[in-house]
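Peer 1:
Number of protein chains: 2
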Amino acid sequence: MFNEADKSYPIELVAEFLGINSRTLYYYEKFSLVCPLRRGRKRYYSKEDINWLEYVRELMYEHGMNLRSIIILIKRRDAVILDRCPEDIVLCFKNYLARKETVARKINIEGEDDNVKDLK
Amino acid sequence: MFNEADKSYPIELVAEFLGINSRTLYYYEKFSLVCPLRRGRKRYYSKEDINWLEYVRELMYEHGMNLRSIIILIKRRDAVILDRCPEDIVLCFKNYLARKETVARKINIEGEDDNVKDLK
DNA sequence: AATATATTTCACTTAAAGTGAAAAAGATAT
DNA sequence: ATATCTTTTTCACTTTAAGTGAAATATATT
Numbered sequence: 001m002f003n004e005a006d007k008s009y010p011i012e013l014v015a016e017f018l019g020i021n022s023r024t025l026y027y028y029e030k031f032s033l034v035c036p037l038r039r040g041r042k043r044y045y046s047k048e049d050i051n052w053l054e055y056v057r058e059l060m061y062e063h064g065m066n067l068r069s070i071i072i073l074i075k076r077r078d079a080v081i082l083d084r085c086p087e088d089i090v091l092c093f094k095n096y097l098a099r100k101e102t103v104a105r106k107i108n109i110e111g112e113d114d115n116v117k118d119l120k
Numbered sequence: 121m122f123n124e125a126d127k128s129y130p131i132e133l134v135a136e137f138l139g140i141n142s143r144t145l146y147y148y149e150k151f152s153l154v155c156p157l158r159r160g161r162k163r164y165y166s167k168e169d170i171n172w173l174e175y176v177r178e179l180m181y182e183h184g185m186n187l188r189s190i191i192i193l194i195k196r197r198d199a200v201i202l203d204r205c206p207e208d209i210v211l212c213f214k215n216y217l218a219r220k221e222t223v224a225r226k227i228n229i230e231g232e233d234d235n236v237k238d239l240k
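If you read the sequences in order, they're chains W and D.
Under the numbering used here, residues 1 to 120 are what the first sequence spells out, in order.
Under the numbering used here, residues 121 to 240 are what the second sequence spells out, in order.
(1) Drop a sphere of 10 angstroms on the beta-carbon of P156/D, count the other beta-carbons inside from all chains shown, and report buried for 16 or more, exposed for fewer.
(2) Counting Cβ pairs, one atom from each stretch, are 3 or more of them under 8 Å apart for the stretch 137–146 of chain D and the stretch 159–178 of chain D?
(3) Do S46/W and S22/W have their C-beta atoms closer together than 8 Å?
(4) In chain D, which residues lie with their C-beta within 9 Å of the C-beta of S22/W?
(5) Rounded to a whole number of angstroms, what is the C-alpha to C-alpha distance between S32/W and E132/D?
(6) Measure the beta-carbon distance from Y164/D to P130/D and round it to whole angstroms, keeping in mind my assumption that it falls under 8 Å.
(7) Exposed or buried, which one is A64/W when buried takes at least 16 other CB atoms within 10 Å?
(8) Can you tell me which of the three DSSP states L121/W falls into?
(9) Using beta carbons (cut-off 8 Å, strictly below), is N186/D in contact with chain W?
(10) Is DSSP giving R188/D helix, strand or coil here?
(11) Less than 8 Å separating the beta-carbons of I74/W and L59/W?
(12) Would you verify that the beta carbon of A79/W is, or is not, closer than 8 Å to some beta carbon of chain D?
(13) Please report the distance separating the alpha-carbon of K42/W from that of K30/W.
(14) Can you tell me which residues form a DSSP beta bridge with Y44/W?
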């Protein structure tokens with residue numbers, strides 16, 4: 001479905017691939033669960049973004065983890081929590097953080113991390 | 121709060137200790153999340169029951185795991201899922217299973233496991 | 001300017017988790 | 001045996017998480 005040559009994909013395509021509503025992707029973005037690159041107003045999801053999202057869904061539907069705890073993981077990014085995580089989660093999480101920094105640097109301001117919403 | 125000499129505790133005391141409603145304990149029992157010993161109609165929770173319950177709460181509120189996934193873990197009791205679990209969960213889970221068998225043998229019928237309700 | 005597309009907002013839906021209160025069922029005392 | 005007290009069960013309700021539909025807004029394109 002995604003060919004290697006392309007580097008990024010529009011939201012509708014990603015939503016379809018993940019089998020979710022595009023609104024859900026906007027929703028996730030509120031919590032900085034994913035940060036697609038933006039050219040103008042339009043969002044472009046990288047292959048890594050998509051992998052991360054697949055992983056988040058797996059955490060939710062196979063590990064039975066809730067969004068809140070994933071968000072806390074992201075916001076706190078501390079060893080206390082990571083200590084108790086299975087290997088693969090830690091790995092995916094670190095990749096996500098790395099990617100996030102790259103995008104942040106690429107786009108504009110640095111580290112302006114905390115207009116991140118909490119779950120209501 | 122619990123002295124070593126006693127072997128079991130009534131539901132209200134356990135609920136208070138865990139900081140939850142006793143109805144929640146009945147609720148958990150519907151899914152076989154815990155199986156207190158019963159003398160007559162009254163429930164008696166062992167120290168191990170209480171540890172397991174504390175652990176379940178921790179899974180929910182610190183790991184962000186949902187009840188369903190914990191219940192699936194219990195019902196399936198298969199390696200596929202246990203493989204992906206942190207050490208301590210596997211341990212607690214195995215203790216729970218062992219305890220459950222003991223109680224089952226002690227009380228009456230064996231292995232009559234599956235009048236266990238699913239989450240609606 | 002008109003049309004098309006992407007995003008945002010708002011209110012709504014569904015399901016999980018938990019709980020309050022009354023009814024029911026067992027015990028215990030009189 | 002009846003009354004009283006306690007534990008359990010049932011039923012309907014509440015709260016919150018997660019997600020979504022549809023209209024309104026904003027931006028781009030012809």
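All residues carry an ideal CB built from backbone N, CA and C; glycine is no exception.
Peer 2: Reading from the atomic positions:
(1) Buried.
(2) Segments in contact, yes.
(3) Contact: no.
(4) Within chain D, no residue comes near S22/W; the closest Cβ sits about 25 Å away, beyond 9 Å.
(5) Rounded to the nearest whole angstrom, the CA to CA distance from S32/W to E132/D is 42 Å.
(6) Contact check for Y164/D and P130/D: beta-carbon distance about 7 Å, within the 8 Å limit, so the pair qualifies.
(7) Looking at the sequence provided, one finds Gly at residue 64/W rather than Ala. A residue is called buried when at least 16 other Cβ atoms come within 10 angstroms of its Cβ; G64/W meets this threshold and is buried.
(8) Chain W is shown only over 1 to 120; residue 121/W falls outside these bounds and no answer can be derived.
(9) Yes, because at least one Cβ of chain W sits closer than 8 Å to the Cβ of N186/D.
(10) Reduced to three states, the DSSP call for R188/D is helix.
(11) Contact flag unset, no.
(12) Unreliable positioning characterises A79/W in this predicted model, as indicated by a pLDDT of 45, which lies under 50. The coordinate reading is nonetheless provided below. By this cut-off, A79/W is not an interface position.
(13) Inter-residue distance for K42/W and K30/W is about 16 Å (C-alpha atoms, whole angstroms).
(14) DSSP output for Y44/W lists L37/W as bridge partner(s).
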